[in-house]
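Colleague: This is the structure I have questions about; it appears just below.
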Amino acid sequence: MATYAIGDLQGCFTPLMVLLETFHYNPQKDQLWFAGDLINRGPESLETLRFIKSLGNNATVVLGNHDLHLLAVSRGHSALKRNDTLFDILAASDRDELMEWLRQQPLCHYDESLNTIMTHAGIPPCWTLEQTLSLAHEVETQLKSDKVDDFLAVMYGNTPQRWDNNLAGMDRLRAITNYLTRMRFCAVDSTLELKAKEGLDTAPEGYAPWFSYPSQLPKDCHIVFGHWAALEGITHSNTIHALDTGCVWGGSLTALRLDDQQLFSTPCTIKRKEL
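The letter at position 162 of the sequence shown is residue 162 when you use the UniProt record's numbering, and the numbering goes up by one with no holes.
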C-alpha cells in the first residue's frame with residue numbers, strides 16, 4: 001500500500017490517467033491525495049470531478065480556491081469568469097450530486113502516521129497543527145451546514161489581511177479560507193499579500209514565501225500543498241512539498257509518494273489559455 005499526493009489538476013483528466021499509469025496505481029492498495037483545485041481552466045473538469053468522486057474512500061481531497069469558486073457559482077453567489085471552464089459541470093445531469101459531494105470535502109487533512117499535513121495553499125507560520133485543524137473545521141462546518149450560502153455570498157475578498165484570534169463571523173471565516181486556499185507571500189507576522197503570484201524571488205518588499213518563516217508545526221512535519229505553479233515545485237526544503245507544477249499551463253502533473261518522498265511526473269499536453 002502506498003499514498004500518493006497529487007498537485008492541482010484543474011480539469012486535466014487525461015494527464016491524470018497517464019500519471020496514475022506512471023506509478024502503477026493500484027485501487028486495491030493505494031491511496032490518492034489531491035491538493036485542491038480539482039477543476040477549472042482545463043478542458044475536462046467534469047470528467048475529473050466525476051472520477052475523483054468515484055474513487056470513494058481511496059481519495060482524500062482538500063478544497064482549493066477554484067473548487068470554492070465553483071460552489072459559489074453553482075449557488076448563484078458569483079458569475080463565471082472569462083477563463084472558467086465550468087459550464088459542463090454546471091449543465092451536467094449529476095450537477096447537484098457533484099456539488100453536494102464537493103462541499104463535504106475538507107480544507108485540511110493530517111495523517112499522523114505519515115507525519116504529513118495537506119492544504120491547498122499551505123499553513124501560515126503563526127498557526128500550530130491543532131489550530132490549523134480547528135480553524136479549517138470552522139469553515140468546513142459552515143460549508144456543510146444550511147448556512148453555506150451565507151458564507152459563499154461574502155467569501156471573496158482580501159481582508160482581513162492578518163490573522164487575529166479575536167476575529168469573528170464572516171471576517172474570521174474569510175481569513176481562514178484565504179490562508180488555506182490563496183496564500184503565497186506573507187509578512188513575518190503572517191500578514192497576507194494576495195496580489196503577487198510569481199516565483200520565490202519576486203516577493204514584494206516586507207514579504208516572503210509563507211514557508212520561509214519558522215513553522216509552529218511539529219518537528220519534521222511534512223507539508224503538502226499546491227496552488228503556486230510559479231514555484232515549479234521548488235521550495236528548498238525537504239519537508240515542504242509544492243506539487244502544483246503547472247499542468248494546465250503546459251507544464252506537468254506531479255505526484256509525491258508520501259511513504260518515501262519519491263516524485264512522479266507526466267507532461268501536460270494542454271497549452272496555456274490566453275488570459
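Glycine is no exception: its CB is placed at the ideal position from the N, C-alpha and C atoms.
Contact check, aspartate 37 vs histidine 77 under 8 Å by CB: the rounded distance?
Modeller: Within the sequence shown, numbered from 1, the residue matching residue 37 stands at position 37. Within the sequence shown, numbered from 1, the residue matching residue 77 stands at position 77. About 19 Å; that fails the 8 Å criterion.
Colleague: Report yes if the CB atom of histidine 227 is closer than 8 Å to the CB atom of alanine 121, and no otherwise.
Modeller: Within the sequence shown, residue 227 is the residue found at index 227, counting from 1. Within the sequence shown, residue 121 is the residue found at index 121, counting from 1. Yes. Within cutoff.
Colleague: Which of the three DSSP states is assigned to threonine 202 in this structure?
Modeller: Walking along the sequence shown from the start, residue 202 turns up at place 202. It is helical.
Colleague: Note down, in chain order, each residue of its chain lying with its Cβ closer than 6 Å to the Cβ of residue 280, except the 5 sequence neighbours on either side.
Modeller: For residue 280 there is no data in the structure shown, the boundaries of the chain being 1 and 275.
Colleague: Could you tell me if leucine 263 is buried or exposed, where buried requires 16 or more neighbouring beta carbons within 10 angstroms of its beta carbon?
Modeller: Stepping through the sequence shown from its first residue, residue 263 is reached at position 263. Classification for leucine 263: exposed.
Colleague: Beta-carbon within less than 8 Å of alanine 136's beta-carbon, same chain only, minus the 5 sequence neighbours each way: which residues are those?
Modeller: The count along the sequence shown starts at 1 and reaches residue 136 at position 136. Cβ within range, chain order: Pro106, Leu107, Cys108, Thr119, Ile176 and Leu180.
Colleague: Below 8 Å, how does it come out for the segment 58 to 65 and the segment 73 to 92: are there three or more Cβ pairs, yes or no?
Modeller: no
Colleague: Quick check: is any heavy atom of the ligand NAP less than 7 Å from the C-beta of glycine 11?
Modeller: Inclusion of the ligand NAP in the displayed structure is not the case, the ligand content being empty and no account of it being possible.
Colleague: So, using beta-carbon positions, are arginine 237 and leucine 253 closer together than 8 Å?
Modeller: The sequence position of residue 237 within the sequence shown is 237, counting from 1. The sequence position of residue 253 within the sequence shown is 253, counting from 1. Going by the sequence as given, residue 237 is serine instead of arginine. Their beta carbons are not under 8 Å apart, which means serine 237 does not touch leucine 253 by this criterion.
Colleague: So, is asparagine 165 buried or exposed, given that buried needs 16 or more other C-beta atoms within 10 angstroms?
Modeller: Reading the sequence shown from its first residue, position 165 is the one you call residue 165. Counting other Cβ atoms within 10 Å of its Cβ, asparagine 165 stays below 16 and is therefore classed as exposed.
Colleague: Quick check for students: name the residue ranges of the beta strand (DSSP E) that lie wholly in the UniProt domain "Calcineurin-like phosphoesterase" (4 to 153), counting only runs of 3 or more.
Modeller: 31 to 34, 59 to 61, 108 to 111 and 116 to 119
Colleague: Quick one, which of Glu130, Leu16 and Leu71 has its alpha-carbon nearest valine 248's?
Modeller: In the sequence shown, the residue the question calls residue 248 occupies position 248. In terms of CA proximity to valine 248, Leu16 leads the group Glu130, Leu16 and Leu71.
Colleague: Rounded to a whole number of angstroms, what is the C-alpha to C-alpha distance between phenylalanine 23 and alanine 230?
Modeller: The sequence position of residue 23 within the sequence shown is 23, counting from 1. The sequence position of residue 230 within the sequence shown is 230, counting from 1. One C-alpha to the other measures close to 25 Å.
Colleague: Verify the CB distance criterion: does tyrosine 179 have a CB-CB separation below 8 Å to chain B?
Modeller: Looking at the structure shown, chain B is missing, and only one protein chain is on hand.
Colleague: May I have the straight-line CA-CA distance separating valine 154 from glutamine 28, to the nearest angstrom?
Modeller: For the purposes of this step, residue 154 is taken as the residue at position 154 of the sequence shown. For the purposes of this step, residue 28 is taken as the residue at position 28 of the sequence shown. Going by the C-alpha atoms only, they are around 41 Å apart.
Colleague: Mapping the DSSP letters down to three states, classify arginine 174 as helix, strand or coil.
Modeller: Against the sequence shown, residue 174 aligns to sequence position 174. Looking at arginine 174 - three-state DSSP - the assignment turns out to be helix.
Colleague: For leucine 243, which of Val188, Ala2 and Gln10 has the nearest alpha-carbon?
Modeller: On the sequence shown, residue 243 is found 243 positions in, with the first residue counted as 1. If we check each option's Cα against that of leucine 243, Gln10 comes out closest.
Colleague: Suppose contacts are defined by Cβ-Cβ distances below 8 Å. Is proline 209 in contact with phenylalanine 185 by that definition?
Modeller: As a working mapping, residue 209 is identified with position 209 in the sequence shown. As a working mapping, residue 185 is identified with position 185 in the sequence shown. One thing to note: proline 209 has its Cβ within 8 Å of the Cβ of phenylalanine 185.
Colleague: Straight-line CA distance for residue 298 to glycine 157?
Modeller: In the structure displayed, the chain extends from 1 to 275; residue 298 sits before or after that span and is not available.
Colleague: Is threonine 239 closer than 8 Å to isoleucine 223 when the C-beta atoms are compared?
Modeller: What you label residue 223 is simply residue 223 of the sequence shown in a count that begins at 1. What you label residue 239 is simply residue 239 of the sequence shown in a count that begins at 1. Yes, they are a contact pair.
Colleague: Could you pull the DSSP bridge partners for isoleucine 223 from this structure?
Modeller: Taking the sequence shown and counting its residues from 1, one reaches residue 223 at position 223. DSSP output for isoleucine 223 lists Ile117 and Ile240 as bridge partner(s).
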